[in-house]
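Notes for the one structure printed next.
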Amino acid sequence: MVDALEALHGRVSSSRLSGDVDETELDNILRAALRAPDHAQLRPWRFLTVRGNARQKLGALYARAKLTEDPSTGSADLEKIKSKPLRAPLIVVAIVCITEHPKVPEVEQILSTGAAMQSMLLAAYAQGVGAMWRTGGMAYNKIVWDGLGLGENEKIVGFLYLGETGDNLRSAKALNVADYVKEWTAS
Numbered sequence: 116m117v118d119a120l121e122a123l124h125g126r127v128s129s130s131r132l133s134g135d136v137d138e139t140e141l142d143n144i145l146r147a148a149l150r151a152p153d154h155a156q157l158r159p160w161r162f163l164t165v166r167g168n169a170r171q172k173l174g175a176l177y178a179r180a181k182l183t184e185d186p187s188t189g190s191a192d193l194e195k196i197k198s199k200p201l202r203a204p205l206i207v208v209a210i211v212c213i214t215e216h217p218k219v220p221e222v223e224q225i226l227s228t229g230a231a232m233q234s235m236l237l238a239a240y241a242q243g244v245g246a247m248w249r250t251g252g253m254a255y256n257k258i259v260w261d262g263l264g265l266g267e268n269e270k271i272v273g274f275l276y277l278g279e280t281g282d283n284l285r286s287a288k289a290l291n292v293a294d295y296v297k298e299w300t301a302s
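Residues 116 to 302 in our numbering are what the sequence shown spells out, letter by letter.
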């Protein structure tokens, strides 16, 4: 287990994932999500886990969504779309549940759910679990939303792919803080 600063400074995405995520690791990952910043304690998120044969069903849902949006999609492209959920043994779908609130606009609820996803990424990395946050067209597709049982007030913020990294874990590229931060002096 790595410490918090090491996880924050060293986290990288892992695109090729295999193996499995054990239940203790998954519980730690999900618990981390629940500590995300949350104005008015709305807890504007919920999560679906997709593993095993459900990944093929998610792929079929993706293909149906693609065909509805573009009926001319060829079989090779459909097979590629169907295989996307197979890139990891476990996917966590992060869903924002928008609540009307006088002090917490929709954007803050989306950001809170995004912070929950970032916390999951860090918890995965800290435990040696590979992770990749993905979105893409399927995250914004109404057919996918309906197929996953989203309500009218819900949207997908992202798909978190989780699994073992094997030997393909790369190092984080060093970035210069001064390239991204400037002091405002009110002059």
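No residue lacks a Cβ here, since even glycine has one placed at the ideal position from N, Cα and C. Computed from a predicted model, the values in this text were never measured in an experiment.
Alpha helix (DSSP H) segment containing residue i, residue limits
| i | result |
| --- | --- |
| residue 225 | 221 to 241 |
| residue 262 | 257 to 262 |
Distance, residue j Cα to residue i Cα
| i | j | result |
| --- | --- | --- |
| residue 268 | residue 260 | 11 Å |
| residue 213 | residue 225 | 8 Å |
| residue 174 | residue 198 | 6 Å |
| residue 249 | residue 275 | 6 Å |
| residue 119 | residue 161 | 24 Å |
| residue 166 | residue 200 | 9 Å |
| residue 281 | residue 132 | 8 Å |
| residue 231 | residue 129 | 18 Å |
| residue 254 | residue 152 | 23 Å |
| residue 126 | residue 140 | 16 Å |
| residue 84 | residue 172 | This structure cannot speak to residue 84, because the chain is shown only from 116 to 302. |
| residue 215 | residue 142 | 30 Å |
| residue 292 | residue 257 | 39 Å |
Nearest neighbour of residue i, chosen from the options [CA to CA]
| i | options | result |
| --- | --- | --- |
| residue 195 | 181, 208 and 186 | 181 |
| residue 247 | 176, 203, 154 and 264 | 203 |
| residue 117 | 244, 280, 295 and 297 | 244 |
| residue 164 | 209, 154, 234 and 236 | 209 |
| residue 272 | 124, 207, 286 and 147 | 207 |
| residue 220 | 169, 286, 252 and 155 | 155 |
| residue 105 | 177, 295 and 188 | Residue numbering for the chain in the displayed model covers 116 to 302; residue 105 lies beyond these limits and cannot be assessed. |
| residue 227 | 157, 294, 124 and 145 | 157 |
| residue 148 | 278, 284 and 239 | 239 |
| residue 170 | 150, 233 and 205 | 205 |
Residues bridged to residue i [DSSP beta-bridge criterion]
| i | result |
| --- | --- |
| residue 161 | 210 |
| residue 133 | 279 |
Residue i - containing beta strand (DSSP E), residue span
| i | result |
| --- | --- |
| residue 146 | Premise fails: residue 146 lies in the alpha helix (DSSP H), 138 to 148, not in any beta strand (DSSP E). |
| residue 269 | 269 to 278 |
| residue 287 | It is not in any beta strand (DSSP E) - residue 287 carries neither H nor E in the DSSP assignment. |
| residue 155 | Neither: residue 155 is in no beta strand (DSSP E) and is coded neither H nor E. |
| residue 119 | Note, residue 119: premise wrong, no beta strand (DSSP E); alpha helix (DSSP H) at 119 to 125. |
Every unbroken beta strand (DSSP E) inside the segment 165 to 219 [3 residues or more]: Those beta strand (DSSP E) runs which fall completely within the segment 165 to 219 and span 3+ residues are 205 to 212.
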